[in-house]
Amino acid sequence: MAEKLGVYICGGCDIGANLDVDALAQFVAGGKHSAAVGVAKSNPVLCSPEGKAAIEADIAELGLDGVVCCACTPRAKWDVFKFGEKVQVERVNLREHCVWSFQDDPAFPGQMEVIAKDYINMGVSKLTKSRIPAPEIPEAFKTVLVLGGGYAGLNAALNAASLGYPVVLVEKSDTLGGKAATMYKSFPLSGSFGDKTQEIGVKELIAEVQANDKIKVITGATLESLAGAPAKYKATIGGTEYEIGAVVMATGWVPGKSKFLAPLGYGRVKNVVTSAEFEAMAKNGGIKTAEGKAPSSVAFIVDTTLLMKGVSYGECGDACAAPEDMPCKEEAPADTSDECEVFEYEDKESARHLAYSSELTSLVALKQANYVRELAPDALAYVIYDHMMVPGINEKYYQTAQDDPGVMLTKGTVTSVDEAGSEVVIKAKNTLIGDDIAISADLVVVPTAIVPTTAADPTMNFVYRQGPAFPDLELFDGFADSNYICFPYETRRTGVYAAGCVRQPMGLGLAADDAAGAALKAIQCIESSNRGVSVHPRSGDLSFPEFNFMRCTQCKRCTEECPFGALDDDEKGTPMPNPTRCRRCGTCMGACPERVISFANYGIDQIGSAIKEVKVPDTLDAGGPRIIILACENDAYPALDMAAMRGRSWSPYVRFLPVRCLGSVNAIWVADAMSKGVDGLMLLGCKYGDDYQCHFVKGSELCNRRKENIAESLGRLGVEPERVEQYEVSIDMYDKVPDMIDEFVSNIVNNFGPNPFKGY
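One rule links them: number in our numbering = place in the sequence shown (from 1) + 4.
Here you go:
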C-alpha cells in the first residue's frame, strides 16, 4: 500500500481562478487522511518543468511512495506525471469534472469547493488502497505461428521474419498460395488504380517465403491443438509439438452453399455461374458458355435483393455462414414469404445468410468485367448493382469501367433470372433511367459467398476450458469476433490475431496490410508478455487478477463470464488464471459474489472506499442530493472530458469514478453507495448488443445482466430499483451526456426523493 503520500494541487487551467488551492492543500494536510499525507502543496502550474521538479524533490527528500496530482483529467499529461517505478500516482480531475463543468445552484452556494474536497479525498483514499503490481514475467517463446499459406499468411510470415522472429507457417493443402494461386489476376493493389487488372505475383511471394531461413514451412497439415497461453503456447502440428509465442490466423475462406443462389438462377439455369467459377475459367485460359462457345455478352449481378426475399433460403444476403460441404439437416420447405427462416446444420447449431454485401463483391464484378474485355474483346459486359461500393481510391477503378464503352453499368433491383432459349434474361426495376429493363446475356455471373473457415471448423483447436473454437457471435456469422471498431486484428483469444478473409471480406491489397498488422500485434503480444504487461486494450498494464482461493466457492462465475477465456478451472471448479491471456478488464472481479478477486491497483475495497469518501448531506435540504456515476474509462469518461472542454456543464451533485469496464462493477459498490445514503447511481458504459462497442466485448452487457439482480436486491431493501440505471454511451456522445446526467438527477429528486437510508 502507498503509505506516505504527497498531494499536489494545480492552480493552472482556471483551477486557481475558481478554487482556493492553498486552502485545499491545508484541508488535505489537516484532514482525515493527514496520517498518510507527508506533504500537501499547491503549485501555479503543476505540469510545468518547475512543478514536476518540485514533486521530484519532495519524493527524494521525504521518501514519498505515492503522489496525488489534483489537476486535469488523467487522460491528459499522463506522460508528465510519472515518477519512477516505485512511486504510485493517482490523478484527481479538478479541471474537467469540477471547474470546467460546474453548474451553479444558488440554493446551495459553495458547491464547487465541496466537489473539489470530495474528489481529493476520493483520490487519496484510492491511493492508500493501492499497491504496485508484481506481475508474472514468463520466459517468452519468440516463434510466431502463422496458420494458412495463402496471400495473407505468406505476407504475415515474411513480415514477422523480417523483424527477426522465427516463424512456423502451416498450410492445410499440399501447396502454398491459397485462393490467390487460383486467381487469374487482381484489381489494382497499388500504383495506378485506374489499371484494369494487375498481376498478383503469388509465385514470387511463395519463392521468397521458401527461401527465408527464418520460416519453417509445413504443408499438408493442420493445427491439432493449441495449449497454454500467449508467450507459452504449445502447438501440436502433425504430431510434433512446437513452442509458440503468438499466432497469426490467416486461414482464409471457403465458398458458401451455392444452392442459396437459386433465386439468381444458379443451379436451374445452365449458363449462370458463380464468380469463383468464372475466375477459374479465366485462369484456365478462356471464358466459355455451357455449350463451349465464347460469349457475346456476360452479365454480372451485384444485387442480393432476390436473396433477401427469403424464398425458402433463410435469412439472406450475399454470403451464407455455412460452407458448401456442410450438410443441412433438412431441405428448406417451399415458401415465398418475405419472412426469412433459419435452418439448422449438422455441424453447427444454426447457419444463416449474411444480410449485407461488401465492397469486395463490387470490385470483383468490375475486375471480371475487365476479364471479358481482355479475353473476349468482342463481348459486352453488363454490371447490374444495387449498391456499388468502391470506397476511397477504388473510385478510380469504377470510373475506368464507366469509361469503357464495352462495359455497361446500371443500378437496378433484379427481379428475376430466367432461361430463354440459349440466353439468360435478367429483369430489373428501379434502374437509373427509372424504367424496368430486361437484359439478355449468354453468361451470367453471381457472387460467391465468402465464408470464413472458422464458421464451421474450430480451426485453432484451443485446449481451453471454454472450448476449442472462438466464441460465436451471430452478427459475424463465423468471422472471428473481436472489437472490430477499435482492435481490428484481435480475436477473443489473446495471442491469436486474424488477418485476411477469415477476419472480414477483403481484397489482396487489404489482406497484405492485414497481414502486416496481425504480425505486428503477434510480436507486440510476445514482447509485452515477456515484460509481464497487458497487450491490449490496457496496453502496458502490469496488474493482473489476484485470487483469494481460501474463500473461493467454485461458483464458476468468473470462468464463465471472462470474455477472453483467460481462466481455466480444475476438476473442483477452482479458477486457474492464465495471466498472459488476461486483458485486465476486471470482469471476473465484478462477477465474483464472494469478492475474492482483485487487482493490486484496482480492487473492490479501493473503489468501495472511494465511494464512501463522498460527503452525503443528511437531507436534501441540507445540501442537495448525491449521485455516484461509475464511468467506463474507454468511452464514457472521455465523453465527459470532451463535454467539459466544450463548455458543457452538469449538476453539481454528481461525483464521477472511472472504472476499467462496467463488467468490473461489483454489486457491493452499489450496496456501499446506497447504505451511505447516496440517492442514485448511474452506470455509464459502452454500447452493447450485436453492434457492441465495448472495448472488452461483453462488459457492458454483463453489467446490464447483473443490474437486474441488483434491482431485485434493492427492491427487497425497500429501495427503488430505478435509483440505479445503466446508460449506453459512445465517445462521440459528449454533447448528450450532460443532459442524460441532469435528467437522471431530476428524476431522482422529483420522483423518488431522498434515499431512505440517508442520515443513518
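Even glycine gets a Cβ: it sits at the ideal position worked out from N, Cα and C.
Query, Result
"Rounded straight-line distance, which links the Cα of residue 227 to that of residue 174", "8 Å"
"For residue 319, the three-state DSSP class (helix, strand or coil)", "Here residue 319 scores only 30 on pLDDT, less than 50, and its place in the model should not be relied on; the value that follows carries that caveat. It is coil, neither helix nor strand."
"Residue 349, DSSP secondary structure in three states", "Here the model assigns residue 349 a pLDDT of 29, short of 50, so the residue's position is not dependable and the matter cannot be decided."
"Burial state of residue 211 (16 or more Cβ within 10 Å)", "exposed"
"Rounded straight-line distance, which links the Cα of residue 631 to that of residue 751", "12 Å"
"Exposure label - residue 340; buried when at least 16 CB within 10 Å", "Bear in mind that the predicted position of residue 340 carries a pLDDT of just 32, short of 50, making it too unreliable to give a figure here."
"Exposure label - residue 21; buried when at least 16 CB within 10 Å", "exposed"
"CA-to-CA distance, residue 185 to residue 272, given in whole angstroms", "30 Å"
"Length at least 4, wholly inside the segment 231-312: the alpha helix (DSSP H) runs in chain order", "279-287, 309-312"
"Sub-9 Å separation of residue 149 and residue 213 beta-carbons", "no"
"C-beta atoms of residue 129 and residue 37 nearer than 9 Å", "yes"
"Contact under 9 Å by Cβ, residue 557 with residue 597", "yes"
"Three or more C-beta pairs below 8 Å linking the segment 417-435 and the segment 373-390", "yes"
"At least 3 beta-carbon pairs within less than 8 Å: the segment 664-671 vs the segment 690-707", "yes"
"Three-state secondary structure assigned by DSSP to residue 95", "strand"
"Reference residue 241; option with closest CA among 463, 679, 607", "463"
"Neighbour-count burial assignment, residue 510, 16 or more Cβ in a 10 Å radius", "buried"
"DSSP state of residue 186 mapped onto helix, strand, coil", "helix"
"Buried versus exposed call for residue 61 [16 or more other C-beta atoms within 10 Å across all chains shown]", "exposed"
"Test item: CB-CB of residue 573 and residue 469 under 9 Å", "yes"
"Sequence-distant residues of its chain with Cβ nearer than 6 Å to residue 23 (five each side left out)", "120"
"Nearest-angstrom Cα separation, counted from residue 5 out to residue 136", "8 Å"
"Run of the beta strand (DSSP E) containing residue 696, from where it starts to where it stops", "Residue 696 -> no beta strand (DSSP E), and no H or E assigned at all."
"Nearest neighbour of residue 375, chosen from 236, 451, 190, 431 [CA to CA]", "190"
"Short Cβ contact (9 Å threshold) for residue 216 with residue 516", "no"
"From 207, 208, 168, 224, residue whose alpha carbon lies closest to that of residue 177", "224"
"Simplified DSSP state of residue 402, which is helix, strand or coil", "helix"
"CA-to-CA distance, residue 200 to residue 367, given in whole angstroms", "11 Å"
"The segment 637-644 touching the segment 719-737, judged by at least three CB pairs closer than 8 Å", "yes"
"Any beta strand (DSSP E) of 3 or more consecutive residues that is wholly inside the segment 45-117", "70-75, 92-97"
"Rounded Cβ spacing between residue 249 and residue 144 (contact assumed at less than 8 Å)", "6 Å"
"Beta-carbon proximity list for residue 3, same chain, < 8 Å, skipping 5 on both sides", "No answer is possible for residue 3: the residues shown for the chain start at 5 and end at 764."
"As assigned by DSSP and simplified to three states, the class of residue 719", "helix"
"Rounded distance between the beta-carbons of residue 163 and residue 523, thought under 8 Å", "4 Å"
"DSSP beta-bridge partners of residue 728", "685"
"Separation of residue 677 from residue 762, as counted between CA atoms", "10 Å"
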